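If you're matching positions, the sequence shown starts at 243 in my numbering and goes up one per residue. Presented below is the structure to which this report refers.
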Amino acid sequence: MKKKSRFMRYSLQDKLLLLVGYILLGLFVVAIIVPMAYIVIASFMDPITLQNKGITFDFEKWTLTAYQRVMSNSQIWIGFGNAVLYSLVFTAISVFVTLLAAYPMSRADFKGKKFFNTIFVITMFFGGGLIPTYLLISNLGLLDSMWAVVLPGAFSVWNMIIARTYYQGIPADLQEAAMVDGANEVVYFFKILLPVCTPVIAVLALWQFVGMWNSYFDAMIYLNDSAKQPLQLVLRSILIQNQPESGMISDMQSTAARAQLAELLKYATIIISSLPLLVMYPFFQKYFDSGIMAGSIKG
């Protein structure tokens, strides 16, 4: 006698619920894949063909002009190096500070826990504003330096809450056994607790790396030297430089050509800026379930 499949053993209500979930998940996947496929194909197409006919798989109409134009810009490589440096430094500082702050907040015997928790939560709803923050960065002498981009947003209260929740899910017996063996708080934290927290550390590191990689506003505000600009700001400059300017009516052909090139560059820059993140995600995927779900189990 054949065994019934797991799906067949479900009740009708469960089957309908699963079916609706699969349909919604499928639509969500399609909504992600279709725009990505469009952007990838459009980045290789001739701008005139793309504008008049849309997507085509006639490879004679494809071109590498956009990538050649972007990659031939030496500032791209400088921006890429800066983006990698800023993202790595920001991730290391942010994750380290977050894990340190989350540890005492996870302890039931920490005096002043409610007070600090209130202070942290307030910062999630209220900020100092752009001008006071700029004046603070200026008075600290951080303008036009890497630290002006890295330090202001290094601590995330939301990430601290996730790390705190993960700590709270670790059995207290682990610390008690460490204390019996003669380990103090520092030894327990760095040699016993952190190795157990690899999933949440990986998730927090990925979030912070992606956040810094995609950011450009802080760099645009605080950095004046073009040699210190990250990739996103460089790509933004390339797009702006190739946009048609108002008052170019005297040469309509030049205006149309620049408009077409700007449209083509838009897709190429999206691919170039997203490629490193697409390569990273598969290596962190295995940590997502145990890392992200920690915040949904305990408050």
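Think of the CB as a built atom: it goes at the ideal place given N, C-alpha and C, for glycine as much as any other residue. Predicted, not measured: the structure shown is a model, and the values here were computed from it.
Taking one beta carbon from each stretch, the segment 432 to 451 and the segment 309 to 323 have fewer than 3 pairs nearer than 8 Å; the two do not touch.
For VAL392, the CB contacts under 7 Å within the same chain, skipping 5 residues up- and downstream, are TYR328, VAL331, PHE332 and ILE335 in chain order. Residue burial is scored here from C-beta neighbours: THR340 has at least 16 other C-beta atoms within 10 angstroms and is therefore classed as buried. Contact between ILE281 and ILE482 is absent: CB atoms are separated by about 20 Å, not below the 8 Å threshold. If only complete runs of 4 or more residues are kept, the segment 393 to 476 shows the alpha helix (DSSP H) at 399 to 410, 414 to 422, 440 to 456 and 459 to 464, in order along the chain.
Look at the beta carbons and you see the segment 394 to 405 touching the segment 341 to 355: at least three pairs across the two are nearer than 8 Å. Under the DSSP assignment, ARG311 falls in the alpha helix (DSSP H) whose first and last residues are 307 to 313.
Burial is judged here by how many other beta carbons sit within 10 angstroms of a residue's own beta carbon; PRO472 has at least 16 and is buried. In the assembly as shown, VAL337 is a buried residue. Its beta-carbon has 16 or more other beta-carbons within 10 Å.
In chain order, ILE297 place their CB closer than 6 Å to the CB of ILE283, counting only its own chain and leaving out the 5 sequence neighbours on each side.
Taking C-alpha positions only, ASN359 is separated from PHE397 by approximately 14 Å.
By the criterion of a C-beta distance shorter than 6 Å, PHE286 is surrounded in its chain by TRP304, once the five residues flanking it on both sides are discounted.
For the pair TYR458 and GLN474, the CB atoms are nearer than the 8 Å cut-off. Assignment of beta-bridge partners to TRP304 by DSSP yields MET287. A distance of 8 Å or more separates the beta carbons of LEU507 and ALA350. A distance below 8 Å separates the beta carbons of ASN401 and LEU446. The DSSP-derived three-state label of GLY323 is helix. Out of VAL476, LYS470 and GLY263, the CA that lies nearest to the CA of ASN315 is found in VAL476. Under the 10 Å beta carbon count, ASN426 is surrounded by fewer than 16 other beta carbons and is classified as exposed. Looking at VAL452, SER468 and VAL272, the one whose alpha-carbon comes closest to that of MET522 is VAL452. Here THR365 is exposed, its C-beta having fewer than 16 other C-beta atoms within 10 Å.
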